[in-house]
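In the numbering used here, the protein residues as written are 4 to 196.
Okay, structure first, notes after.
What follows is the structure in structure tokens.
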């Protein structure tokens, strides 16, 4: 079953629409969607290792644009959409702790959370809600999201063949690891914030 899923994922990664899907997922994940773009970035980069840098750039730019949407949700729509999203992910009761973290750490809070599996949408929405300096928010988002995706692309570009061989043998473990990191990121965010 997992071999078939792996082949299907690689065939999707090689399709002409894959780049659009990658950008859409990166955009949505920064503002409301729970699944990170790594799910499609990894197979796309393995299918075409020389394109890994381009894919990382697409993820970075679209993630920042999605972050701007998240910022707008926090700044303009928090009482409706923002509260609903924050509540949906289980952070509603933690808003005071998030505000305190922003007051103490500000830029470091954005940089660290943008690199970790902790959901970035929490950062973007709260940044807008607290009226964090918008140009600084965009700059920090570019730095942290760019670093995250370019480090992954660099690893995939450099070690693509061995990683592909491992994935062909252990795709179920890879999918389990991605699921684990998604759940772990939400769990850490719930505990630390």
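Each residue gets a CB set at the ideal place from its N, CA and C atoms; glycine is no exception.
Helix, strand or coil at residue i [DSSP, three-state]
{"i": "residue 109", "result": "coil"}
{"i": "residue 52", "result": "helix"}
{"i": "residue 18", "result": "coil"}
{"i": "residue 127", "result": "helix"}
{"i": "residue 28", "result": "helix"}
{"i": "residue 2", "result": "Any answer about residue 2 is impossible in this case: the structure gives the chain only from 4 up to 196."}
{"i": "residue 119", "result": "coil"}
{"i": "residue 80", "result": "coil"}
{"i": "residue 166", "result": "helix"}
{"i": "residue 142", "result": "helix"}
{"i": "residue 134", "result": "coil"}
{"i": "residue 46", "result": "helix"}
{"i": "residue 177", "result": "helix"}
{"i": "residue 38", "result": "coil"}
{"i": "residue 66", "result": "helix"}
8 angstroms CB neighbourhood of residue i in its chain, flanking five on each side removed
{"i": "residue 61", "result": "22, 25, 26, 29"}
Residue closest to residue i, alpha-carbon to alpha-carbon, out of the options
{"i": "residue 44", "options": "59, 103, 109", "result": "59"}
{"i": "residue 47", "options": "135, 18, 90", "result": "18"}
{"i": "residue 137", "options": "68, 177, 172", "result": "68"}
{"i": "residue 39", "options": "65, 49, 71, 14", "result": "65"}
{"i": "residue 82", "options": "132, 161, 145", "result": "132"}
{"i": "residue 122", "options": "154, 135, 37, 145", "result": "37"}
{"i": "residue 111", "options": "140, 168, 180", "result": "140"}
{"i": "residue 130", "options": "14, 101, 145", "result": "101"}
Check whether residue i and residue j have beta carbons under 8 angstroms apart
{"i": "residue 85", "j": "residue 113", "result": "no"}
{"i": "residue 147", "j": "residue 109", "result": "no"}
{"i": "residue 63", "j": "residue 149", "result": "yes"}
{"i": "residue 90", "j": "residue 33", "result": "no"}
{"i": "residue 88", "j": "residue 153", "result": "no"}
{"i": "residue 159", "j": "residue 49", "result": "yes"}
Closer than 8 angstroms to chain B by CB, residue i
{"i": "residue 56", "result": "Going by chain labels, chain B is absent from the structure shown, which holds only one protein chain."}
Contact set for residue i: own chain, Cβ-Cβ below 6 angstroms, skip 5 residues either direction
{"i": "residue 20", "result": "none"}
*State whether the region 49 to 64 contacts the region 83 to 96, with contact taken as three or more CB pairs (one from each stretch) at a distance under 8 angstroms.*
no
*Okay, do the region 72 to 86 and the region 99 to 110 touch, 3+ Cβ pairs below 8 angstroms being the bar?*
no
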